[in-house]
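2 protein chains.
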Amino acid sequence: MQLDNRKKEVLHAIVDDYVSTNEPVGSKSLIERHSFNVSSATLRNDMAELEHLGLIEKPHTSAGRIPSDKGYREYVNSLMTIEELTPREQLEIEKRINTSVDEVTELIKNATHTLSETTGFVSLAMSPRLKKSFLKQLKILMIEPGKALVVMVLSAGVVKDKVVRIPNFLNDEQIMKISGAIEKSLTGKPLDEITLVTVETAGKSTDVPEPLLKQVLYEAYAAIKQADELNIYLEGEHRMLSLPDFSSLGRARDLLGTLSDSGMVAGYVNEMENAARELGNDDSYMIRIGQEITLEGLDDCSFITATYNLTDSVSGNIGVIGPKRMLYSKVISQIDFVKKKLNEEMKKFT
Amino acid sequence: MQLDNRKKEVLHAIVDDYVSTNEPVGSKSLIERHSFNVSSATLRNDMAELEHLGLIEKPHTSAGRIPSDKGYREYVNSLMTIEELTPREQLEIEKRINTSVDEVTELIKNATHTLSETTGFVSLAMSPRLKKSFLKQLKILMIEPGKALVVMVLSAGVVKDKVVRIPNFLNDEQIMKISGAIEKSLTGKPLDEITLVTVETAGKSTDVPEPLLKQVLYEAYAAIKQADELNIYLEGEHRMLSLPDFSSLGRARDLLGTLSDSGMVAGYVNEMENAARELGNDDSYMIRIGQEITLEGLDDCSFITATYNLTDSVSGNIGVIGPKRMLYSKVISQIDFVKKKLNEEMKKFT
DNA sequence: ATTAGCACTCTATCCTCCCGAGTGCCAACA
DNA sequence: TGTTGGCACTCGGGAGGATAGAGTGCTAAT
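Line by line, the protein sequences give chains S and B.
For the first sequence, our numbering assigns the number 136 to the initial residue and increments by one for each residue that follows.
For the second sequence, our numbering assigns the number 136 to the initial residue and increments by one for each residue that follows.
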């Protein structure tokens, strides 16, 4: 994008003003609020040019201009400078996150909550992608005849479990044998390398009768597979209703309708993550603006996520969905800071 | 409430019409839609009377009447007749709930989801009140030095666990001793009779050094206490935005804002439950209408819950939050049916 | 007790008008 | 060539006003 300096400044100013006032900005108010050493007519020419480039647009003929998706994109990519949080703001966030918790999941929920409160938008986090973590322990506990609990401890310091049904006849001892056999042969294996076959092979060494054994092994396998399922935590949906951007009930409804399908949102975040990886994108955050987001009803939103790390190979996403008319520099640094703190806290678990 | 038959019919008709049209109903349209064998003037007199009794009210002088909270209350208490669901509707609900799951929690979530889908409103469920259930098993598993998992199996067929921190020096054997001691002495005790003292007494019989022991016992106690904490599952908040009753953004915002604080809603449901018990109320459902609900922003809502039973002594609530302008007879039977199915399914877990 | 008739009330809706902010374009200027 | 003042034009939004329509309460008659 080739823009001379003044045009850059104009676009910058338009985005800033529109973000803060929520009103289309005209050439005159631009002059009043900023110290351009030119007349409004000159800015009008610049603005015509910017509009021609598709960076800004007018809601109707006699209104001022608002940034287009492309305009926001340009702003985010080249124009804005990310500002650090003030020590006060940092403290506020630290205080909220540092609540001591015993499980990573709680920590992530904390962070999500904090993010929604500090940004005032919808926040979300994905649970860690555990496919790359490996099994450290696996125990099957008899609960009662026909019912057992599979407990797995993963390398990332995460504990997962699942209640499973097992044949009624099996006794404690048999279960322990199977449990031991699986543990022995699968310990150290990354979850994504464990298949039904691997588990079945592991169980062969026991002397438990075939059909019974097979069912238990299958359930154990199912438990392991469930352990690396992704969860998403969404919070603060109602905050969107307070934003003027969603004062139209229709938009608000579409937005919250889409967000209520958390599985769909999770899928989308996953896509974003994969796309970023393929592109070798090593920015510390990802941004999607307006129509760039392929979820229905999010046309007026921006989606910003960062990647947190539980271990070197196990990571997840945390971020925000807000109106595209947002203070990007601020929000990005908030997310970034929360992510940083989250990473620090996570070290305590691994 | 002393009402002659025709006045009852009039109130009934007003509620029905208002529920289905969402428009204040006048004497004339009442005549048109129902077969009263009197003139509109007579109904006007009746309506003036009903208004005097506080059962209906007018939004403004020249509009028709709408039911007041008291009017809905009268309708619900004495006027309506609950209609059975059609076989078709029943089938639809059964199909959704019968999805096989391994845990009670999943089952409850299923039911909540179903309820929101079939009513089109916000649905909610409380996790079972486990205070009255007793401990069947308690195991403490070493995960790694300094970290253990407390697994509890409760009489209601529920499995709970919690990761806890323990002193680094403790070894597997010591933990097993403690675990065994606690289990031995607490098995069969209802959760609400287990105190820190009980747990500490249980642990005395082991030969683990005092300060280390104490910490583990405390953590075990904390895990037990956490097991009977109540959770609430809320679903379908966004559906409220599609209702004409919440077409004003302000109302919608207040409502969703309140619902976003699930802890507060849970507390309120608890209060309702307790109040009903104290009154010895053995209706199969509880209803709160409009201002009867003491939560902010729910003035235009009704809150209907039923009690499901996991065992004789362990129960929880499931229900709906909808606009007070709702088809009570239908919604109540939907909730009732879901509850019935939920109870049936729960038998499989206990 | 019920009814017909009537005057009255109030909202919702539709028009119309007008203000003001903003634009695009043109001609003049540096 | 880039900048500027001037000006006619556009359009949305708000104010004001008229009107229709649904509904009410009251009264007098049945």
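Ideal Cβ placement from N, Cα and C applies to all residues, glycine included.
Which chain S residues sit within Cβ distance under 7 Å of residue i?
i, result
"E238(B)", "V298"
"G392(B)", "H373"
"V294(B)", "I278, L284 and V298"
Starting from residue i and walking both ways along the beta strand (DSSP E), at which residues does that stretch end?
i, result
"A176(B)", "It is not in any beta strand (DSSP E) - A176(B) instead sits in the alpha helix (DSSP H) that spans S175 to H187."
"T444(S)", "Checking the displayed sequence, the identity of residue 444(S) turns out to be Asn instead of Thr. N444(S) -> beta strand (DSSP E) spans C436 to N444."
"V455(S)", "S450 to P458"
"L462(B)", "Where L462(B) is concerned, there is no enclosing beta strand (DSSP E), given that its DSSP letter is neither H nor E."
"I422(S)", "Y420 to I424"
"L276(B)", "L270 to E279"
Closer than 7 Å by beta-carbon distance: list the chain B residues that pair up with residue i, in chain order.
i, result
"L384(S)", "L376, S382 and L384"
"L276(S)", "K274 and V286"
"A387(S)", "L376"
Given this structure, state the Cα-to-Cα distance separating residue i from residue j, to the nearest angstrom.
i, j, result
"K312(B)", "E354(S)", "30 Å"
"N180(B)", "S162(B)", "9 Å"
"K349(B)", "E335(B)", "7 Å"
"T240(S)", "S262(S)", "7 Å"
"E218(S)", "T156(S)", "20 Å"
"M384(S)", "M375(S)", "Sequence check: residue 384(S) is Leu here, not Met. C-alpha separation (whole angstroms): 11 Å."
"A337(B)", "L331(B)", "10 Å"
"E238(B)", "I228(B)", "19 Å"
"P159(B)", "Q225(B)", "33 Å"
"S340(B)", "I317(B)", "9 Å"
"V400(B)", "K482(S)", "35 Å"
"P346(S)", "L352(S)", "10 Å"
"S320(S)", "L265(B)", "38 Å"
"M461(S)", "V154(S)", "6 Å"
"G206(B)", "I191(B)", "6 Å"
"L378(B)", "K459(B)", "11 Å"
"E413(B)", "S175(B)", "45 Å"
"A198(S)", "E406(S)", "38 Å"
"I243(B)", "V404(B)", "16 Å"
"A410(S)", "H147(S)", "28 Å"
"L178(S)", "I467(S)", "30 Å"
"F171(S)", "E364(S)", "54 Å"
"T254(B)", "A183(B)", "34 Å"
"N478(S)", "K475(B)", "46 Å"
"E480(B)", "N444(B)", "10 Å"
From what residue to what residue does the alpha helix (DSSP H) around residue i run?
i, result
"S314(B)", "D307 to L321"
"E227(B)", "P222 to I232"
"A410(S)", "S397 to E413"
"Y210(S)", "Element bounds for Y210(S): n/a, residue is neither H nor E."
"K193(B)", "Neither: K193(B) is in no alpha helix (DSSP H) and is coded neither H nor E."
"Q350(B)", "E345 to A362"
List, in order along the chain, the chain B residues whose C-beta lies closer than 9 Å to that of residue i?
i, result
"S395(S)", "E370, G371, E372, H373 and R374"
Let me check one thing: in DSSP terms, what residues is residue i bridge-paired to?
i, result
"N200(B)", "As written in the sequence, residue 200(B) is Arg, which differs from the Asn given in the question. R200(B) pairs with V160(B)."
"E370(B)", "S258(B)"
"V298(S)", "L284(S)"
"L304(B)", "According to the sequence displayed, residue 304(B) carries Phe and not Leu. Answer is none; F304(B) lacks a bridge partner."
"I166(B)", "For I166(B), which the question treats as bridged, DSSP gives no partner whatsoever."
"Q379(S)", "Inspection of the sequence shows that residue 379(S) is occupied by Pro rather than by Gln. P379(S) pairs with nothing; no bridge assigned."
"I428(B)", "In DSSP, I428(B) forms no bridge with anything."
"P325(S)", "F269(S)"
"L289(S)", "L270(S)"
Is the region 241-258 of chain S close to the region 362-375 of chain S, with three or more CB pairs under 8 Å? yes
Taking one C-beta from the region 424-443 of chain B and one from the region 452-462 of chain B each time, how about it: are there three or more such pairs within less than 8 Å? yes
On the three-pair Cβ rule with 8 Å, is the region 283-303 of chain B touching the region 425-433 of chain B? no
Touch check for the region 270-283 of chain S and the region 297-310 of chain S: three-plus C-beta pairs under 8 Å? yes
Okay, do the region 259-273 of chain S and the region 355-367 of chain S touch, 3+ Cβ pairs below 8 Å being the bar? yes
Does the region 412-426 of chain S come into contact with the region 384-397 of chain S, if we say contact requires no fewer than three beta-carbon pairs (one atom in each stretch) closer than 8 Å? no
Would you call the region 143-155 of chain S and the region 206-221 of chain S touching, i.e. three or more CB-CB distances under 8 Å? yes
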